[in-house]
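Notes to accompany the following structure.
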Amino acid sequence: MPDPASGEERVQLHTATPDDVEQAVGAARGAGSGWAQTPARTRGEILFRAADELERRREELAHQITFEMGKILAEGRGEVDEAIFFLRFMAGEGARLAGETRPVTDPRRLAVAERIPVGVVGVITPWNFPLCIPVWKIATALVAGNAIVFKPALQTTGTGVALAEALCAAGVPDGVLNVVVGSGRETGEALVRHPDVRVVTFTGSTEVGRGLAGLVAGRGGRAALELGGKNVAVVLADADLEQAAEKISFAAFATSGQRCTAVSRVVAEAPVYDELVALIAARADALTVGPGDDPASDLGPLVSGESRDRVAGAVTEALADGGRIVAGGRVPPELPPGGGYYRPTVITGLEPSHALLERELFGPVTAVVSARDEREALRLANATEYGLAASVFTRDLGRALTFGRALEAGMVFVNAATVEAETQLPFGGTKASGNGSRDTGAAALDSFTEWKTVYFAPTEGAASA
């Protein structure tokens, strides 16, 4: 695998075969019934201990994340902290996994509905948050009583393995958590197609997710999908422009734009358009791009030189179609040419229907368009197949409520950045950004449980009051 900072090959991996996947699923199946019968409180205690393990390994894990995918160390540390928080949050949710009881026709009878584990869960995760996203899925599936086969992204295999080691050190029994390393095409597909994997949870592109969902559904399984985004920030004429520019810049350029919730579209009302563009461009120009382990860096490289070339190609295409670069738009010549470095970029002058405003790019590029009024701003904001995250900036409560309800996104942020989601609440999207499942909050348990109803009747001849 190449080093994001230099492009040099630094790691060779031995990948799992379909036979290895078969063994991993078999191990999960064999350990699953015992784990499902383990009290939820005990399962939660293991997650608490896992959080303590990550806390002890915080610096090691942060450096591993930076080494594998390039984000700056401050972001790596923040990711470890978020994973620790979620483990502790979800540790208590298993004991709060509420069922229900309802009156039935015969007053001598009782009916109880409870949520039970689904069985074996396949977990397939991306490289951009190689610790947090696996923790969201694995912690939730474990506390609900499921056994797991986990395929981390190939680029961040080391982080995925380190997480599994921490969970096992915390007391996850043998066979309950299994790791398979490999590509999506071979290893991932073998996992998705396996008839004993009841649920596959996947974070990645919409194209791949839809194909995966079809394979899972074709054999009668379930898929929980968190997919792409083309997230928008709407800036109304009454907004605090300094605040809006600060939040938009953070959402557009943090992690070099490699977040599914990154802002890659900005819609500004005409009276504030020029000033907003200048403010965002100034912030982009002030950012320092460099190696993730350099304390002076504000942005690290993209995950690979290939990703950098893809982003640069999209910017070149936008320029050919009439776009204008007001910040960035280039590879920094002073940095290693093999690294995935690209300056944070702001583009104007494109039609709202241009590909740069419709395709998920996964890079530090945002395009700004003008809207005549609030009505057009809302129309442009919703003119996308995606629906993950959106933000609106306004000083008016009525406008905030209107846009909060009308923006077609699973998460809406008022005067805040789209990357500021908190994991005690549901995380996920609508439209082409998902299939209704949620990765965080108590709602995440829905993906890894199913309902079972038990009816109790008295034996014949039992005394009645």
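Numbers given in our numbering equal positions in the sequence shown, counted from 1, plus 1011.
Glycine included, each C-beta is placed from N, C-alpha and C at the ideal position.
The alpha-carbon separation between serine 1267 and glutamate 1090 amounts to approximately 15 Å. Boundaries of the alpha helix (DSSP H) around glutamate 1070: 1069-1080.
Look at the segment 1227-1265 and you find these whole runs of alpha helix (DSSP H), each 4 residues long or longer: 1252-1264. For tyrosine 1466, the enclosing beta strand (DSSP E) begins and ends at 1460-1467.
Non-local C-beta neighbours of arginine 1107 in its own chain, meaning closer than 8 Å and more than five positions away in sequence, comprise Ala1453, ordered along the chain. Scanning its chain for C-beta atoms nearer than 8 Å, with the 5 sequence neighbours on each side dropped, one finds around glutamate 1071 the residues Ala1173, in chain order. When DSSP reads this structure, serine 1381 sits in a beta bridge with Ala1279.
Contact annotation: leucine 1418 and asparagine 1446 have beta-carbon atoms that are not nearer than 8 Å.
Taking a 10 Å sphere around the C-beta of aspartate 1296, we find fewer than 16 other C-beta atoms and assign the residue as exposed.
Contact check for arginine 1120 and tyrosine 1466: beta-carbon distance about 6 Å, within the 8 Å limit, so the pair qualifies.
Here DSSP, grouped into helix, strand and coil, assigns methionine 1101 to helix. Residue pairing from DSSP places phenylalanine 1161 in a beta bridge opposite Val1134, Val1190.
Beta-carbon to beta-carbon, serine 1458 and threonine 1212 are separated by about 6 Å, close enough to satisfy the 8 Å threshold. Judged by beta-carbon spacing, threonine 1116 lies beyond the 8 Å limit of leucine 1142, meaning their Cβ atoms are not closer than that value. Within the model, the alpha-carbon separation for glutamate 1385 versus aspartate 1251 is close to 16 Å.
The residues Gly1018, Gly1349, Gly1351, in chain order, have a CB closer than 6 Å to that of glycine 1316 in the same chain once the five nearest residues on each side in sequence are set aside.
For aspartate 1305 and glycine 1232, the gap between their C-alpha atoms comes out near 45 Å.
Excluding sequence positions up to five before and after glycine 1415, its CB lies within less than 8 Å of the CB of Val1403, Val1423, Val1425, all in the same chain and listed in chain order.
Secondary structure note for threonine 1429: it is in no beta strand (DSSP E), with a DSSP letter that is neither H nor E. The C-beta of glutamate 1176 has fewer than 16 other C-beta atoms within 10 Å across all chains shown, which makes the residue exposed.
Closest in alpha carbon position to threonine 1136, among Thr1168, Leu1389, Glu1362, is Thr1168. Here DSSP, grouped into helix, strand and coil, assigns glycine 1398 to strand.
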